[in-house]
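Quick notes on the structure that follows.
Numbering (our numbering), first residue to last: 198 to 490.
As structure tokens, this is what we get:
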């Protein structure tokens with residue numbers, strides 16, 4: 198078994214302070230939580246930012262920059278993975294479905310990747326899903342995905358393709374065929390989101406079977422299946438991800454003390470199954486990313 202890498206999804210968009218009072222919210226909190234996760238075994242940090250005053254999701258470039266600069270002051274090797282998911286949600290209003298409701302944050306593709314063009318992280322997520330997500334719809338049309346992928350390519354940033362269901366994989370394969378994406382994609386198989394892949398081993402193996410031969414993939418689940426999916430992904434030959442974006446409990450009824458505690462548990466599971474975690478430098482080499490610094 199070759200070395201696998203662990204990604205920590207530090208704070209996300211949907212976890213709330215009511216669900217976890219220790220959720221990192223300010224740029225400093227997010228950066229510190231990420232660095233603690235690295236010490237516990239994470240080679241990559243998946244970063245969302247929040248409004249420091251309200252704790253609500255934000256897309257402010259200055260907040261991303263503050264997080265990235267704080268991390269880089271203390272760790273030049275860790276792989277930084279910035280989200281581009283925000284900006285794709287549409288909520289039809291009750292009276293007229295053509296009129297956006299209050300939870301809509303639909304933006305032009307270039308605005309969703311403006312922070313990527315400016316900050317040039319190692320990796321940026323690229324969502325391929327169009328699906329019901331909670332009470333809204335997430336929309337990522339092929340045309341919009343192409344425009345976002347173009348900005349990433351021009352910035353020298355490797356996309357991590359977020360795949361929530363079988364149709365997303367079919368879209369990915371079409372985008373590889375037309376040259377939008379490279380033939381050796383970096384993929385995340387996202388399980389446990391309602392109306393997408395269920396958090397079951399059969400779904401993981403089926404999704405894996407649909408990936409192109411050169412794909413590198415991570416499998417992870419949300420909610421109570423987060424840690425069982427760590428084991429299943431390891432045994433299926435994939436990389437792993439945990440963090441407060443995906444779940445808030447360390448075990449049944451036990452709130453996770455921190456992202457670092459979640460990474461330590463994931464590391465223990467992986468190593469107990471015979472896997473060895475890659476360092477950030479080893480992850481960079483595996484993915485063909487620029488060397489640290």
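Glycine residues also receive a C-beta, built at the ideal position from the N, C-alpha and C atoms. No experiment lies behind these values; they were computed from the predicted model shown.
Listed in chain order, the non-local C-beta contacts of residue 389 below 6 Å within the same chain comprise 396, 418, 419, 420 and 422, local neighbours out to five positions each way being set aside. Taking C-beta separations shorter than 8 Å and ignoring five residues to either side along the sequence, the partners of residue 429 in its chain run 398, 401 and 416, following chain order. With a minimum length of 3 residues, the unbroken runs of beta strand (DSSP E) contained wholly in the segment 324-356 fall at 328-330 and 333-335.
Taking the C-beta atoms as reference points, residue 355 is found no nearer than 8 Å to residue 378. Assigned with DSSP and collapsed to three states, residue 415 falls in strand.
Assignment of residue 300 by DSSP, reduced to helix, strand and coil, places it in the coil class. Under the three-pair Cβ rule at 8 Å, the segment 288-306 does not count as touching the segment 262-269.
Under the 10 Å beta carbon count, residue 470 is surrounded by fewer than 16 other beta carbons and is classified as exposed. For residue 242, the enclosing beta strand (DSSP E) begins and ends at 241-244. Linking residue 231 to residue 455 through their CA atoms gives a straight-line distance of about 10 Å.
The alpha carbon of residue 202 has as its nearest neighbour, out of 372, 482 and 323, the alpha carbon of 482. Rounded to whole angstroms, the gap between the alpha carbons of residue 461 and residue 326 is 30 Å.
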